[in-house]
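Using my numbering, the first residue of the sequence shown is number 425, and each one after it goes up by one.
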Amino acid sequence: MEGMSIPQHIGIIMDGNGRWAKKRGLPRNFGHKQGAAVFKKTINWCRELGIKCATFYAFSTENWKRPAEEVNGIMNLLRQYINAIRAAAKEDIRIIIIGDMNGLPDDIRAELEDIQSDTRNNTEFITAIALNYGGRAEIVRAAREAARLVKLGELDADDISEELLERHLYTCEMPPLDMVIRPSGEE
């Protein structure tokens with residue numbers, strides 16, 4: 425791969441798993457389970473290529489609109505894969521959760537906060553997992569933080585800039601995305 429430019433940060437939208445299962449006559453949750461199974465393989469692949477960071481878009485703010493049975497299945501699957509996330513973290517991988525964790529079940533949120541804390545100093549690779557995440561929600565969150573600082577008198581409204589908002593994004597500790605992969609089969 426000499427002479428090729430390797431992206432530093434890729435995003436993977438974990439989409440199409442339910443359609444994949446349905447197409448094969450399987451329950452949608454089976455598709456979600458298959459999608460989660462490639463998590464560790466993908467991290468290893470990225471590391472072998474020299475990529476430094478991968479974001480897995482696993483559960484968006486829009487996913488709450490799915491049938492309750494499917495949402496519960498995804499949350500139960502996440503509970504099962506917390507051990508896989510912990511195992512990845514043992515390989516000097518930093519885990520960052522992006523999104524509003526307050527919307528997640530308490531047990532999942534506590535486990536993920538613990539994993540983030542345990543991996544804070546890992547430097548070999550960054551894995552971000554987007555849960556209850558939406559890009560627009562992230563921008564609103566950053567803007568609200570800037571407004572809060574203005575209200576407290578710690579910031580002048582004229583000093584709000586792209587750089588300031590970027591510092592308040594969930595992704596502030598990661599390089600910018602170079603490429604996004606959406607393996608859902610849609611174009």
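All C-beta atoms, glycine included, are put in the ideal place defined by N, C-alpha and C.
Proximity winner among the options, relative to residue i (alpha-carbon distances)
i	options	result
Ser585	Ile563, Ile605 and Ala512	Ile563
Ile520	Pro607, Pro491 and Phe480	Phe480
Arg518	Ser541, Met525 and Glu535	Ser541
Met603	Ile475, Val462 and Glu494	Ile475
Asn468	Glu494, Thr543, Gln504 and Asp516	Asp516
Thr595	Gln504, Arg544, Ile498 and Gly523	Gly523
Exposure label - residue i; buried when at least 16 CB within 10 Å
i	result
Thr547	exposed
Met438	buried
Ile430	exposed
Leu555	buried
Ala445	buried
Gly449	exposed
C-alpha gap between residue i and residue j, whole angstroms
i	j	result
Ala570	His433	26 Å
Arg490	Asn496	10 Å
Glu537	Gly577	31 Å
Glu472	Phe549	11 Å
Ile506	Glu535	7 Å
Leu579	Arg572	9 Å
Asp582	Leu593	19 Å
Ser484	Tyr557	5 Å
Ala513	Pro451	30 Å
Leu588	Lys447	45 Å
Ile532	Val574	34 Å
Spatial neighbours of residue i in its chain, beta-carbon cut-off 7 Å, leaving aside the 5 residues before and after
i	result
Arg510	Ile539
is_contact[residue i, chain B] using C-beta, thresh 8 Å
i	result
Glu548	Within the model displayed, chain B is absent; a lone protein chain is all it includes.
Proximal residues to residue i (C-beta, below 8 Å), its chain only, five neighbours per side dropped
i	result
Met598	His433, Cys477, Thr479, Ile520, Ile550 and Ala552
query: Which residue spans inside the stretch 554-604 form an unbroken alpha helix (DSSP H) run of at least 4?
result: 559-575 and 586-591
message: Runs of 4 residues minimum, wholly inside the stretch 462-497: which ones carry the alpha helix (DSSP H) assignment?
response: 463-473
task: Taking only runs that begin and end inside the stretch 499-550, name each unbroken alpha helix (DSSP H) of 4 or more residues, in chain order.
output: 530-543
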